[in-house]
Amino acid sequence: MATQDWSGVHPQALVDPSAILGADVVVGPWSYIGPGVEVGDGTEIMSHVVVKGPTVIGRNNRIFQFSSIGEECQDKKYAGEPTRLIIGDNNTIRENCTVHRGTVQDRGETRIGSGNLLMAYVHVAHDCVIGDHTILANCSTLAGHVRVGDWAILGGGTMVHQFCQIGAHSMSAGGSIVLKDIPAYVMASGQSAAPFGINVEGLKRRGFDKNALLNLRRAYKIVYRHGLTTEQAVDELQRTFSDNSEVQPLIDSLRNAHRGIVR
Numbered sequence: 053m054a055t056q057d058w059s060g061v062h063p064q065a066l067v068d069p070s071a072i073l074g075a076d077v078v079v080g081p082w083s084y085i086g087p088g089v090e091v092g093d094g095t096e097i098m099s100h101v102v103v104k105g106p107t108v109i110g111r112n113n114r115i116f117q118f119s120s121i122g123e124e125c126q127d128k129k130y131a132g133e134p135t136r137l138i139i140g141d142n143n144t145i146r147e148n149c150t151v152h153r154g155t156v157q158d159r160g161e162t163r164i165g166s167g168n169l170l171m172a173y174v175h176v177a178h179d180c181v182i183g184d185h186t187i188l189a190n191c192s193t194l195a196g197h198v199r200v201g202d203w204a205i206l207g208g209g210t211m212v213h214q215f216c217q218i219g220a221h222s223m224s225a226g227g228s229i230v231l232k233d234i235p236a237y238v239m240a241s242g243q244s245a246a247p248f249g250i251n252v253e254g255l256k257r258r259g260f261d262k263n264a265l266l267n268l269r270r271a272y273k274i275v276y277r278h279g280l281t282t283e284q285a286v287d288e289l290q291r292t293f294s295d296n297s298e299v300q301p302l303i304d305s306l307r308n309a310h311r312g313i314v315r
């Protein structure tokens, strides 16, 4: 974003003079880009989009119509502090998504990584942190302070309670209500969500081999079939898979599960 390029701004868009637009940025008609907004090279903001700052949007993103990006949050403790939203590169944010800035009670920012797909009507509340290559299907809703790991998939209509953590490579079924953490690799479904094994098909698509899948199935049984507490399961996993890099994300997600895990 070293250069200012306004050539892609539609005459009927409203862009604050202080906003920073990179090369080849497109802003569609009737969109509003407010002060304190930076938009990276190649990003396309379609019609009827509102982007407020402080917000930084990276390169080659596509933001579809009627989305609200970087609005102040709905937390009643918020008192106008200059918190921010950070969005990485190559994300697709579909129609009617809402993404709010953070609060000073947490990190002071909401953060979305790169390569993510937010389908229509997704809501990302204040202080959420979303990793890379995730899919949040239509009408998924993240309450405040939620963490979503890389490659996680939330089925349509999934509702996630505040402070929950969704582990890397995990998956929730459509319509799930997530009240506790979903560990890495785990599939969950229901109201409230319960575990239903390892996300095998998703892992195969990402190149996990048979040996890795076997180890993850064994690890899942230790967590969910041996009658152990979460702390005991972590200890057992560390003893059994001390040199296994695939199982480590599962161990990390269990160790950091401050709300407890789905059971």
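With the first letter of the sequence shown counted as 1, position 192 gets the number 244 in the working numbering; the numbers rise by one all the way through. From the three backbone atoms N, C-alpha and C, an ideal C-beta is built for every residue, glycine too.
Let me know if Trp203 comes out buried or exposed under the rule of 16 or more other beta-carbons within 10 Å of its beta-carbon. Buried, since its Cβ has 16 or more Cβ neighbours within 10 Å.
Assign Ser83 to one of three DSSP states: helix, strand, or coil. Of the three classes helix, strand and coil, the one that applies to Ser83 here is coil, per DSSP.
What number of angstroms, rounded off, separates the C-alpha of Gln64 from the C-alpha of Val108? CA-to-CA, the gap between Gln64 and Val108 works out to about 23 angstroms.
What would DSSP say about Ala54, mapped onto helix, strand or coil? Its pLDDT being 45, under 50, Ala54 is placed unreliably in this model, and the coordinates cannot settle the point.
Can you give the beta carbon distance from Arg111 to Gly88, rounded, assuming they're within the 8 angstroms contact cut? Taking 8 angstroms as the upper bound for CB-CB distance, Arg111 and Gly88 are not in contact here, some 19 angstroms apart.
DSSP state of Glu90, grouped into three classes? In the three-state scheme derived from DSSP, where H, G and I count as helix and E and B as strand, Glu90 is classed as strand.
Quick one: using the 10 Å Cβ neighbour count with 16 as the cut-off for buried, is Gly279 buried or exposed? Exposed, by the Cβ-count rule.
Thinking C-alpha only, which one of Tyr173, Arg277 and Leu302 is nearest Arg315? Of the listed residues, the one whose Cα sits closest to Arg315 is Arg277.
Reduced DSSP secondary structure (H/G/I, E/B, other) of Glu124: Of the three classes helix, strand and coil, the one that applies to Glu124 here is coil, per DSSP.
What does the alpha-carbon distance come out to for the pair Leu265 and Ser244? If you take the alpha carbons of Leu265 and Ser244, they lie about 27 angstroms apart.
So what's Glu133 in DSSP terms, helix, strand or just coil? Coil.
Ser228 and Ala236 - do their beta-carbons sit closer together than 8 angstroms? No. Outside cutoff.
Taking DSSP as the reference, what is the three-state secondary structure of Pro247? Of the three classes helix, strand and coil, the one that applies to Pro247 here is strand, per DSSP.
Kindly indicate which three-state DSSP category Gly110 falls into: helix, strand or coil? Collapsing the DSSP output to three states places Gly110 in coil.
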